[in-house]
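Q: Below are the structure tokens for one structure; questions will follow.
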Amino acid sequence: MKLFMLTGSALAILLSQTVRAEPLARISHRPFTAAAQWHALTGVRSVGMLDVVSATPARPSVANVSHAAPLNYLATNAGEKSWLGLPPVPIPANNPQTPEKIELGDRLFHDARLSADGKVSCSTCHDAKKAFTDHKPVSTGFRNLNGTRNAPTVLNSAYMKTLFWDGREPDLEGQSMQPPINPVEGGLADHQPLLAVIRADETYPTAFKKVFGVSTQDIRMEQVAKAIASFERTLVSGDSPFDRWRYGGQTYALSKAQQRGFKVFVGNGRCVSCHRIEQTQALFMDNRFHNIGIGFKKIRGREFTVAEAFIKAKHAGADVDKTVLMEKDASELGRFAVTEGLNEVGTFKTPTLRNIALTQPYMHDGSLKTLADTVEFYNNGGRLKEDDPVSPFLSGGIRPLNLSDQEKQDLVEFLRSLSSPEIAKATGE
Amino acid sequence: MSKYSRRDFLRKASVLAAAGTLPISLVEVAFGESHPKNFTFAFISDSHITQTKGNNFVENWDRGLRRSVAECNLLDPRPDFIIYGGDIAQLGKPEEIDHGLDILAGLRGDVRYVMGEHDYYLDLGSHWRKRLGPERYSFDHKDVHFVVLNSILTYPEWTHKQWDGGMQRMLQMARLDNPHGSPFMVGDEQRQWLQADLAKIDKATPVVVFSHSPIQKIYKGWNFWTDDAEQVQALLKPFDKATVIYGHVHQIQYNQIDNISFHAVMATAWPWPYPSTYKQAESHLAKLTVPMNRADPFFERDATGWQFIDMHSGNVDLRYVLPGNTSRRVAFDEEAGRPMDTRYQGAMARIPPRNHY
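So the protein lines, in turn, are chains A and B.
Numbered according to this note's numbering, the first sequence spans residues -7 to 421.
Numbered according to this note's numbering, the second sequence spans residues 20 to 376.
Given below as structure tokens:
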């Protein structure tokens, strides 16, 4: 009965999402009905719709941000309007947004002193000029060491129900605590040196006092994480040409090719099965994990050996975060490394496709350079080449698509329509 | 795997106790090393490998079997053995059986096979037997007596009708709600063999029977049925603990009849819906044959899977590994004296079913 906790405005959103569906009272008792009807009406899968609503907090705290001091171009935007094409940003009850906290998080996010060599900040790999990615196949951290995974964009990560490619952290707060102490990222042994820098800083203690009411010696990593997460929850972007076309009634926002590409996206391309689009908004993700064939070649035929070695090490105390970023083989285990679920080998989280044209290269290992490469990979049924072997763990939804060259080009064009204008501008596109 | 640091080990050593809650290692931890007789075996069933033409086979069914083999190979600790529960093939063709066995050859461990009707009715099991040996046998493992039956035989008059070739017989047996079908049975001769086999076994020894069809009567129209089930059950009745594990029904079922626990296993190919009735209604009641009932029609592996089985205290716990779904465990409830889904919910706690159409 989570629906009863929603505020009036959230209810209005819910109702607008369930146009032509049943009266609310009935929906609240039968949460699948609205989604089922939507599916029946459109043929588009929409299980995620009500999930998003139920994750919405009781208070739309983002409203508090509307008069924030000038931060960056995005931070001020988040609370001022609801983005075309996006649902309200879910804010956890134990970490409400305040302008001061967001400002503090912004600073921490960009502070390279919080790493072992003073050179690596969050923004090193999540650079605003690169749509909050680093445009590298895999990220480079402390001492120029490379990890195993591609830096995903921070944009719209506020909507994710798990963080990291394998979902090993449940929220942005938990996520932000890991990189500083990963040997191939921030390179610190533990959080103490990071906290020492903050405590010794000229202005941080005042800000922490104001935001969290703590004295200098009581500044903790949990507060650092909360501030960074609050800042990240402002990094939200909708209002793309697609949004204006789909949700804004602007018929000409998409080119003819892009409109044809949309048909491929929801039709023969089967993209929408995981990169979901709902009736009033689209996150282009499903918060689930799938094996799409990326990285299969690296551990082909050795899956159980790699899995056994990993599990043995994990149960003996090895850290998952470090192991998957340092061990190339272990990295390919994907979600299995976290859950040990026998059917989750090589599954990775569906990333959002928003701003996808600005966040190359693609996939968890950054192995695909362009959108065209990616479309080709899917067209071959999760393979670089048509006659490559198929992983036994491959998700069944991944299969050869037999798209025509025209369809492939149109699909790529459509994907370009998912960039938000101000993000594109910031990247110089 | 040499980079795991000593510091990490020390820092995380305290979480070791929690590792027992993880599915992959739970078996050993749950029953402890003080019970050396506890063991695990895996169970894969109903792959229905279907030849389309030449070397081409229905990809979906191939993928289901390949996936279960790959997943089963991850089990740690390793299962003591693996049972294949029947219906390797769809139409009993040698090509289908051979192709299925090629995939199953990827399993790490010894596999024992049960005959399914889809393996049998084309050539009355001759190719299957050529590849795998006899279809009824018994073996002892760690103080448990295991019996494998061919439960998909039927009346000789039906089997030896004037068929227009074996394929016609196969197709007739493969049809659901077939007024010209015939019910499965273990048969007199095999029951006599079973009686003799069990006569040598101490009644305190746990007995586990593997059959393709349920040795209980569930729904005749789809041959969720063995015609002489009661007579087979009578042979198991003297034992303190008996368990029957069967394939064929492509769904989770469990039941207790007197001293006998019954468990069904999942198919790797596709799910069947629950029969419209458990009332043992006459077979002509089901006019409509619903070919599949997927919870999620967009996910072709939904409601399929395989299982591994903890053998302990003479009873079995079935652990269902379900792609894309939460694993389920049907365990023997000592208090209730019967198997129970460990996540069983009373009627009031359930989500109301969706009404189709």
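Positions of the beta carbon are idealized from the N, C-alpha and C atoms, including for glycine.
Quick caveat: nothing in here was measured; it's all calculated off a predicted structure.
If we count Cβ pairs, one from each stretch, closer than 8 Å, do we get three or more for the segment 379 to 398 of chain A versus the segment 229 to 237 of chain A?
A: With the cut-off at 8 Å, the segment 379 to 398 of chain A and the segment 229 to 237 of chain A do not touch.
Q: Just to confirm my understanding: we take A/Ser131, look at its own chain, exclude 5 residues before and 5 after, and list those with CB closer than 6 Å. What are they?
A: Result list for A/Ser131: Cys117, Gly139 and Ala143, in chain order.
Q: Leaving out five residues before and five after B/Asp162 in sequence, what residues of the same chain have Cβ atoms less than 7 Å from its Cβ?
A: Lys56 and Thr224.
Q: State buried or exposed for A/Phe356, treating a residue as buried only when at least 16 other CB atoms are found within 10 Å of its CB.
A: It should be noted that the sequence gives His, not Phe, for residue 356 of chain A. The residue is buried, with at least 16 neighbouring Cβ atoms inside 10 Å.
Q: Evaluate contact between the segment 113 to 124 of chain B and the segment 320 to 332 of chain A, counting only Cβ atoms and requiring at least three cross-stretch pairs below 8 Å.
A: No, the segment 113 to 124 of chain B is not in contact with the segment 320 to 332 of chain A.
Q: Our contact map puts A/Thr351 next to A/Asp278 with C-beta atoms below 8 Å; I'd like the distance itself, whole angstroms only.
A: With 8 Å as the limit, A/Thr351 and A/Asp278 do not qualify as a contact, their Cβ atoms being about 18 Å apart.
Q: Where does A/Ala181 land, buried or exposed, given buried means 16+ other C-beta within 10 angstroms?
A: A/Ala181 is exposed by the Cβ-count criterion.
Q: Along the chain, where does the beta strand (DSSP E) that runs through B/Ser230 open and close?
A: Counting along the chain, the beta strand (DSSP E) containing B/Ser230 begins and ends at Val226 to Ser230.
Q: Cβ of A/Pro162 less than 8 Å from any chain B Cβ?
A: No, no contact with chain B.
Q: Considering only residues of the segment 101 to 139 of chain A, which uninterrupted alpha helix (DSSP H) runs meet the minimum length of 4 residues and lie entirely inside it, listed in chain order?
A: Runs found: 114 to 117.
Q: What's the gap between the Cα of A/Gln271 and the Cα of A/Leu78?
A: Roughly 11 Å separates the two Cα atoms.
Q: Go ahead and label A/Ser113 buried or exposed: buried means 16 or more other beta carbons lie within 10 angstroms of its beta carbon, across all protein chains shown.
A: With 16 or more Cβ atoms within 10 Å of its Cβ, A/Ser113 is classed as buried.
Q: If we count the other Cβ atoms within 10 Å of its Cβ and call it buried at 16 or more, is A/Ser359 buried or exposed?
A: A/Ser359 should be labelled buried.
Q: What residue does the beta strand (DSSP E) around A/Arg252 start on, and which one ends it?
A: Note, A/Arg252: premise wrong, no beta strand (DSSP E); alpha helix (DSSP H) at Lys248 to Val258.
Q: Please report how far the alpha carbon of B/Asp129 lies from the alpha carbon of B/Phe100, in whole angstroms.
A: Their backbone Cα atoms lie some 5 Å apart in a straight line.
Q: Enumerate in chain order the residues of its own chain whose CB-to-CB distance from A/Ala322 is below 6 Å, with the five nearest sequence positions on each side excluded.
A: Phe302, Thr315 and Val316, listed in sequence order.
Q: Does the beta carbon of A/Ile303 sit closer than 8 Å to a beta carbon anywhere in chain B?
A: Yes, A/Ile303 lies at the interface with chain B (some Cβ there is under 8 Å from its Cβ).
Q: Excluding the 5 residues preceding and the 5 following B/Asn274 in the sequence, name in chain order all residues of the same chain whose CB lies nearer than 7 Å to its CB.
A: Excluding residues within five positions, the ones whose Cβ falls inside 7 Å are Gln235 and Phe281.
Q: Can a CB atom of chain B be found closer than 8 Å to the CB of A/Glu177?
A: Chain B contact via Cβ: absent.
Q: Extract the residue ranges of the beta strand (DSSP E) inside the segment 134 to 180 of chain B, only unbroken runs of 3 or more that lie entirely within it.
A: Within the segment 134 to 180 of chain B, the complete beta strand (DSSP E) runs of at least 3 residues are 156 to 160 and 163 to 167.
Q: Starting from B/Asn334, trace the beta strand (DSSP E) both ways and give me its first and last residue.
A: Residues Asn334 to Val340.
Q: Report the residues of the segment 332 to 363 of chain A with a CB closer than 8 Å to any CB of chain B, ordered along the chain.
A: Listed by position along the chain: Glu332, Gly333, Leu334, Asn335 and Val337.
Q: Between A/Phe296 and chain B, is the shortest Cβ-Cβ distance under 8 Å, so that the two count as touching?
A: Yes - at least one Cβ of chain B is within 8 Å of the one on A/Phe296.
Q: So, for A/Ala219: in the same chain, excluding its five sequence neighbours on each side, which residues have a beta-carbon less than 7 Å away from its beta-carbon?
A: Lys93, Leu96, Gly97, Leu100 and Val203, listed in sequence order.
Q: Does the distance from the CB of B/His118 to the CB of B/Ala193 come in under 8 Å?
A: The answer is no: Cβ separation not under 8 Å.
Q: Please list, in chain order, all residues of the same chain as A/Cys263 whose beta carbon is under 6 Å from its beta carbon, the five residues on each side excluded.
A: If we look at A/Cys263 and ignore the five residues flanking it on each side, its Cβ neighbours are Phe257.
Q: Tell whether a beta-carbon distance below 8 Å holds between B/Thr345 and B/Ala286.
A: Contact: no.
Q: Kindly indicate which three-state DSSP category B/Val349 falls into: helix, strand or coil?
A: B/Val349 falls in the strand class under three-state DSSP.
Q: With distances taken Cα to Cα, identify the nearest neighbour of B/Pro113 among B/Trp289, B/Arg369 and B/Met186.
A: Of the listed residues, the one whose Cα sits closest to B/Pro113 is B/Met186.
Q: Using 8 Å for Cβ pairs, my map puts A/Ala221 next to A/Ser168. What's the rounded Cβ distance?
A: 6 Å between Cβ atoms; contact.
Q: Which word fits A/Tyr354, buried or exposed, when buried means at least 16 other C-beta atoms lie within 10 angstroms of its C-beta?
A: Answer is buried; the Cβ neighbour count reaches 16.
Q: When you compare only the Cα positions, how much space is there between A/Arg268 and A/Ile348?
A: In a straight line, the C-alpha of A/Arg268 is about 14 Å away from that of A/Ile348.
Q: Hey, does B/Ala89 have any beta-carbon neighbour from chain A nearer than 8 Å?
A: Chain A, which has a Cβ nearer than 8 Å to the Cβ of B/Ala89, makes this yes.
Q: Could you round the C-beta distance between A/Ser229 and A/Ser115 to whole angstroms and report it? I think they count as a contact, below 8 Å.
A: With 8 Å as the limit, A/Ser229 and A/Ser115 do not qualify as a contact, their Cβ atoms being about 17 Å apart.
Q: Using only CA atoms, which one of B/Asp142, B/His269, B/Lys149 and B/Arg155 lies nearest to B/Leu190?
A: Considering only alpha carbons, the answer is B/Asp142.
Q: For B/Arg362, return the contacting residues in chain A, with the cut-off set at a CB-CB distance below 7 Å.
A: Those do not exist, as B/Arg362 stays about 16 Å from chain A at its closest Cβ, beyond 7 Å.
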